[in-house]
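*Asks:* Sharing a structure, written as structure tokens. Questions coming.
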Amino acid sequence: MIKNLIAPVLAAGIALAAMPVATQAQVNGMAVAEAAVAVAGSQPLQNGFQQVGTTYQAQITALEQYQTQRQQLLQQLDTNGDGSLDEAEQAVLENANNPVVQQIAALEQNINTTQTPIQMARLYVVSQVAAQYGAAVQQVISDRQIQILLAPEAIVYAPDAANVTELVSQAINTRVPSVSITPPQGWQPTQATVNLYQQIQQVFAIARAQQEQAAATQAPAATPAGAQAGGR
């Protein structure tokens, strides 16, 4: 699934459109790269996340079930049926004696317990890939003779050819042949790793939304009820 998501991420360019590698280059000594997209688009990150998904498949399935059950219980507290909990409905969550609230609390504990090893494994993958990001950027800077490298949020406009994000991903690939999904005993992620992980999750979410939108656009229109070949 991860590999299927990365293609549209790099093709669409979360901030700037990614050009074919052959045409990617600095423009007048200036270039743009987006760290989260570069790391998300790297092969070791994709392989690592894929391995986490395989190793923790049972836990991920259980986690999805817990989250669905929690959502169903929260819907029971939505007494006016508007799809969200207003102030009065949220106040019910503070009543620890409410049976529904107790069930929600139990599910949240299960969710936290189940998702912790999954997130730690993914965070460890991110930390290993991110450790080589700086060197990968320097490699692209040297190879392309870039004088100034900017993040997308620092610019208003840049031509597509200035985007070297995919080149950074490729440089990471050469520096990180493989990653482990098992953190050492006592390992804890830095805040920078947590922040990057959250950005990568957003990258995947945007790519997934783009895929779903594209699929919906390409889906054939539903045949009107009663319509038959030949106009019957």
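Under the working numbering, the residues of the sequence shown are numbered 879 to 1110, in order. Beta carbons are placed, not taken as given, at the ideal position from N, Cα and C, and that holds for glycine.
1) Rounded to whole angstroms, what's the CA-CA distance from Glu868 to Leu1028? Just pull it up for me.
2) So is Lys881 buried or exposed if we call it buried at 16+ other beta carbons inside 10 Å?
3) When you compare the CB positions of Ile1059 and Thr933, do they come within less than 8 Å of one another, or not?
4) For Leu1074 versus Val917, is the C-beta distance shorter than 8 Å?
5) What whole-angstrom Cβ distance do Val1018 and Ala974 have, given they're in contact under 8 Å?
6) With the cut-off set at 8 Å, would you say Val910 and Val1003 are in Cβ contact?
7) Mapping the DSSP letters down to three states, classify Leu963 as helix, strand or coil.
8) When you compare only the Cα positions, how much space is there between Gln1115 and Gln953?
9) Pick out whichever of Ala1070, Val1057, Ala1013 has its Cα sitting closest to the Cα of Phe1148.
10) Considering only residues of the region 917-942, which uninterrupted alpha helix (DSSP H) runs meet the minimum length of 4 residues and lie entirely inside it, listed in chain order?
11) Please classify Gln902: is it buried, with 16 or more other beta-carbons within 10 angstroms of its beta-carbon, or exposed?
12) Taking the Cβ atom as the reference point for each residue, do Val1054 and Gln1006 lie within a distance shorter than 8 Å?
13) For Gly961, count neighbouring C-beta atoms within 10 Å of its own C-beta (all shown protein chains included) and say buried if the count is 16 or more, exposed if not.
14) Can you give the Cα-Cα distance for Val1034 and Ala1070, rounded to whole angstroms?
15) Please state whether DSSP places Asn988 in a helix, a strand or coil.
16) Would you say Ser920 and Asn1041 are within 8 Å of each other, going by their C-beta atoms?
17) Can you find the residues in the same chain that come closer than 7 Å, C-beta to C-beta, to Val979, ignoring five residues on each side of it along the sequence?
18) Who does Asn1041 pair with in a DSSP beta bridge?
19) So, using beta-carbon positions, are Leu951 and Gln981 closer together than 8 Å?
*Replies:* Considering the structure as presented:
1) The question about residue 868 has no answer here: the residues shown for the chain are numbered 879 through 1110.
2) The predicted model places Lys881 with a pLDDT of 47, which falls under 50 and marks its position as unreliable; any figure quoted below should be read in that light. Exposed, because fewer than 16 other Cβ atoms sit within 10 Å of the Cβ of Lys881.
3) The answer is yes: Cβ separation under 8 Å.
4) Cβ atoms of Leu1074 and Val917: closer than 8 Å.
5) Contact between Val1018 and Ala974 is ruled out by a C-beta separation of about 55 Å, above the 8 Å threshold.
6) Contact: no.
7) Leu963 falls in the coil class under three-state DSSP.
8) This structure cannot settle anything about residue 1115, because the visible part of the chain is limited to 879 through 1110.
9) Outside the modelled stretch of the chain, which goes from 879 to 1110, sits residue 1148, for which no answer is possible.
10) Whole alpha helix (DSSP H) segments, 4+ residues: 921-933.
11) For Gln902, the pLDDT reaches just 42, beneath the cut-off of 50, and the residue's location in the model is therefore unreliable, although a value from the coordinates is still provided. Counting C-beta atoms within 10 angstroms of its own C-beta, Gln902 has 16 or more neighbours from the protein chains shown and is therefore classed as buried.
12) For the pair Val1054 and Gln1006, the CB atoms are nearer than the 8 Å cut-off.
13) So Gly961 counts as exposed.
14) Val1034 and Ala1070 have their C-alpha atoms spaced approximately 25 Å apart.
15) In this structure, Asn988 counts as helix in the three-state DSSP scheme.
16) Result no, Cβ atoms of Ser920 and Asn1041 do not sit closer than 8 Å.
17) Apart from the 5 residues on each side of it in sequence, Val979 sits with its Cβ closer than 7 Å to the Cβ of Val970, Leu971, Asn973 in its chain, given in chain order.
18) Answer is Val910.
19) Yes, the Cβ-Cβ distance between Leu951 and Gln981 is below 8 Å.
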